[in-house]
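Chemist: Residue numbers (my numbering): 10 to 159. Where is the CB? At the ideal position from N, CA and C, for every residue including glycine.
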Amino acid sequence: MPLIDRKFSILIAAAFAALLTVSGCTGEKKEASPEKTVAAPAVQAGSGDPASGKEIYFRYCHFCHGQKGMGDGPVGIALSPHPADFVNDEKRMSKTDAELFKSITEGIHKEVGGESMSMPRWQEILSEKERWDVLAFIRQLEREGKTAPK
Ligand code: HEC
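#1: Grab me the residues of Glu-115's own chain with a C-beta within less than 8 angstroms of its C-beta, minus the 5 sequence neighbours each way, in chain order.
#2: Quick check: what's the CA-CA separation for Leu-144 versus Phe-67?
#3: Hey, out of Leu-88, Arg-140 and Val-84, whose CA is closest to Glu-108's CA?
#4: Rounded to a whole number of angstroms, what is the C-alpha to C-alpha distance between Ile-113 and Arg-152?
#5: Let's see if you can read the secondary structure: which residues bound the alpha helix (DSSP H) around Met-102?
#6: Mind checking whether the beta-carbon of Gly-75 lies closer than 8 angstroms to any heavy atom of the ligand HEC?
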């Protein structure tokens, strides 16, 4: 596979993010309000609903993280660094739910050749409950991937 230029992957990521903003309006419509931290009722950590998380995952995350969470979605393979592999990256997945939740909420930004990119932040797009739900689904993918026959 040809090595894809970093700038190009950044472009793809940006285009993808724009696409999300446009297409993410099905169902519950939310205005992005970066300034406002909505004081929603605190959601109990670990109370995520994987069934609802699955819908969110296949709307927003699988392009990068892949159908089974192995970081091999069609956009993900073009990204550097690659999206997290929830099944095989044990070191990463040994983080606590609170840490992973924080990453989903705030994104992960790395300086890559002067550009900051990586995992998008979802705070303005997904509610707190939706973020816990999608994390619960990711934990499910992690378990399923480990027990699946190779
Ligand atoms: C544009 C591609 C892209 C999309 C879309 C995306 N991610 Fe990621 N994600 C990444 C990349 C890249 C990383 C690895 C970042 C790093 O560690 O350098 C990552 C890492 C993660 C991690 C690991 C965080 C950590 O602390 O190690 C979690 C959890 C995660 N993503 C969840 C999600 C969820 C949930 C969604 C959908 C709501 C999502 N991602 C959508 C690219 C993406």
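Modeler: In short, the structure shows the following:
#1: In the sequence shown, the residue the question calls residue 115 occupies position 106. So the list reads Arg-130 and Gln-132, once near-sequence residues are dropped.
#2: For the purposes of this step, residue 144 is taken as residue 135 along the sequence shown, with counting starting at 1. For the purposes of this step, residue 67 is taken as residue 58 along the sequence shown, with counting starting at 1. So the alpha carbons of these two residues sit roughly 13 angstroms apart.
#3: Counting from 1 along the sequence shown, the entry for residue 108 is found at position 99. Answer by Cα proximity: Arg-140.
#4: Along the sequence shown, read from residue 1 onward, the residue named residue 113 stands at position 104. Along the sequence shown, read from residue 1 onward, the residue named residue 152 stands at position 143. Each residue's Cα considered, the two are about 19 angstroms apart.
#5: Position 93 of the sequence shown holds residue 102. Met-102 -> alpha helix (DSSP H) spans 99 to 102.
#6: By one-based count along the sequence shown, residue 75 stands at place 66. No, the beta carbon of Gly-75 sits no closer than 8 angstroms to any heavy atom of the ligand HEC.
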